[in-house]
Amino acid sequence: MTLFRKKHTTGSSHCRSDPTRFARTVSGKMRGHLSLPYELRASSTDAGPDSMAPASFLARITASSRAQQAPCPRFGVIGCHASPTSTTLPAEAGGLIPGHSHRSTSDLIQLRFKWLPVGVTCKTTKSTMPYIFRLREPHPHLSHQLAKLQLMEEKMQILVPILHPSQVTTIDVSQLHQDSHTRSVLVKSIHHACQEMGFFQVINHGISKTVTENALGSLSNFFDLPMDQKKLFSSDDISKPVRFVTNSRDSIKLYANPIENWIDLWPHNPTEFRESLGRYAAEVKRLSIDILGAIVESLGLSPTYLRSSLGQGMQMIVGSRYPRCSSSSSILGISSHTDHSIITIILESTSGVEIMDFTDNSAWKSVPATDGTLKVLVGNHLEILSNGLYKSVFHRVVPNPERNRVSIGSFLSLPMEEIMEPAMELIDEQHPKRYKASSLDEYIKLLSSKEEKSYIESLKI
């Protein structure tokens, strides 16, 4: 084992000279105090016998109430326990993480293990040693060298931590309309989530499982159509009310409010497409307005603030299918971005969304997909409305290694040409206006020439 560190020595010197003893010491002393892996990248420099493989990885570690393990589709379960160390990435690690080579970063360590058995129990501490990469059995006809090449072709496997349920604010929408005390507690939770993480999830939202499954199923059936049928909706004009795009994913954008104005422009094949997606669009719009009532209340505004405008607002439904891909480190379904909307509500068939955690040095975190839940993301226009109190969340999508991911995003905004600006109630001498007024129409006109975050930055005063 090689440990790069600058300070915060862990274990005694005799442990550091003995990799196995060091690993046991780390595992025994630190278990239950720190959480790993935080960010993990494997380097396939050697191939191991049987189901063993070397593990050369970087891991950012963070204090946690208990240690956790991260599942890896190819390598099985990965976990480790160690202590915070150098705040400078060592030169020896150059190239392992693109964009982080020779840069200052927090709590990074490099551990190198060679052929340590998985789950070995230390006789002295009775604790289990760190889990190391456990490969699935290679094809029997592959030689040792071919197995090595197979690993190298996978390049690097990136793992980010999966948020524990306790780290994700979950709002029971059905309780928003109970007694005032219950609503007040939930509104405070929403305020905290929007301010700290930029997203939360909702349960008991009133959209039935039948409606969500039919919408996802119809969308998947559309993507199964021959390409010549789907390309009937292709266009270079990003303002088209219906637009099909294919690149690293298949996606179709649908204007949806008022739905009677647009649904006749939607695909009519498969036959259930308009009914299934139209039903979901109507119900998620109702939910969006309901949730936004609680969000603006969390800002100290009236729950009816913006309600009349939102009723006539712009709703875009974006359906996407991300093909399964084992090399998730080299291919992103969608690169990191923020949404133009006030809020975005995401329905997905399987996990894939990763968010940038403002509270943890802007580290990426994977948000698990839980049956019956919907994700609510803070968009650019909510950041403007809140005068910067709430931040539009950077997020991205990574493909699932074992199955296609189908998702439906509902983006709710004010009417196309209506101005969004910081609420006057949130502006005073101590909190001056921080954003210029802006409309969705202005944003769309600049979308093809500017990155959306640079656009929101350009609105800052």
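Heads up, the sequence shown is in the working numbering, so the first residue is 3 and it goes up one at a time. Note that the Cβ used here is the ideal one computed from N, Cα and C, for glycine as well.
Selection from the options that minimises the alpha carbon distance to residue i
i, options, result
"residue 179", "447, 449, 168 and 208", "208"
"residue 269", "168, 235 and 202", "235"
"residue 257", "320, 442, 391 and 354", "320"
"residue 225", "247, 416, 200 and 211", "247"
"residue 240", "294, 318, 169 and 191", "318"
"residue 260", "245, 242, 244 and 287", "287"
"residue 169", "182, 187, 191 and 290", "191"
"residue 312", "165, 344, 303 and 323", "344"
"residue 1", "296, 364 and 354", "No answer is possible for residue 1: the residues shown for the chain start at 3 and end at 463."
"residue 354", "347, 342 and 367", "367"
"residue 459", "426, 342 and 418", "342"
"residue 214", "201, 325, 227 and 347", "347"
"residue 351", "446, 164, 301 and 408", "408"
"residue 324", "195, 316 and 221", "221"
"residue 307", "377, 164 and 291", "291"
"residue 172", "446, 376 and 390", "376"
"residue 243", "267, 228 and 262", "267"
"residue 216", "448, 410 and 415", "410"
"residue 294", "356, 202, 164 and 233", "202"
"residue 390", "193, 339, 212 and 181", "193"
"residue 309", "174, 431 and 415", "415"
"residue 212", "356, 419 and 285", "285"
"residue 204", "373, 432, 340 and 357", "373"
Spatial neighbours of residue i in its chain, beta-carbon cut-off 8 angstroms, leaving aside the 5 residues before and after
i, result
"residue 440", "383, 386, 421, 422, 423 and 461"
"residue 444", "none"
"residue 526", "Past the edges of the chain, shown from 3 to 463, lies residue 526, and the structure says nothing about it."
"residue 314", "259, 260 and 417"
Other residues of its chain near residue i: CB distance less than 6 angstroms, five sequence neighbours each side excluded
i, result
"residue 184", "177"
"residue 299", "189 and 305"
"residue 11", "With a pLDDT of 35 at residue 11, under the threshold of 50, the modelled position of this residue cannot be trusted; read the value that follows with caution. Around residue 11: no qualifying Cβ."
"residue 228", "none"
"residue 501", "Since the first residue of the chain shown is 3 and the last is 463, residue 501 is not available in this structure."
"residue 218", "351 and 408"
"residue 282", "213 and 217"
For residue i, the first and last residue of its enclosing alpha helix (DSSP H)
i, result
"residue 443", "442-449"
"residue 230", "229-232"
"residue 292", "275-300"
"residue 256", "It is not in any alpha helix (DSSP H) - residue 256 instead sits in the beta strand (DSSP E) that spans 252-257."
"residue 184", "182-198"
"residue 372", "It is not in any alpha helix (DSSP H) - residue 372 carries neither H nor E in the DSSP assignment."
"residue 213", "211-225"
"residue 319", "First-last for residue 319: 316-324, but that is the beta strand (DSSP E), not the alpha helix (DSSP H)."
"residue 264", "261-264"
Contacting residues, own chain, Cβ-Cβ under 7 angstroms from residue i (five flanking each side not counted)
i, result
"residue 223", "272"
"residue 371", "350, 352 and 353"
"residue 463", "435, 436, 437 and 438"
"residue 427", "302 and 303"
"residue 406", "323, 324, 325 and 326"
"residue 380", "196, 200, 201, 345, 392, 393, 394 and 395"
"residue 457", "445 and 448"
First through last residue of the beta strand (DSSP E) which encompasses residue i
i, result
"residue 365", "365-368"
"residue 310", "Unbroken run through residue 310 is the alpha helix (DSSP H), 309-313; no beta strand (DSSP E)."
"residue 205", "201-205"
Counterpart residues of residue i in DSSP-defined beta bridges
i, result
"residue 359", "365"
"residue 347", "378 and 412"
"residue 432", "Its beta-bridge partners do not exist; DSSP assigns none."
"residue 397", "339 and 357"
"residue 171", "DSSP, once it has assigned bridges, lists no residue as partnering residue 171."
"residue 247", "253"
* Touch check for the stretch 383-391 and the stretch 235-255: three-plus C-beta pairs under 8 angstroms? -> By the Cβ test, the stretch 383-391 is not in contact with the stretch 235-255, since fewer than three Cβ pairs between them sit closer than 8 angstroms.
* Would you check if there are 3 or more beta carbon pairs closer than 8 angstroms linking the stretch 392-406 to the stretch 268-275? => no
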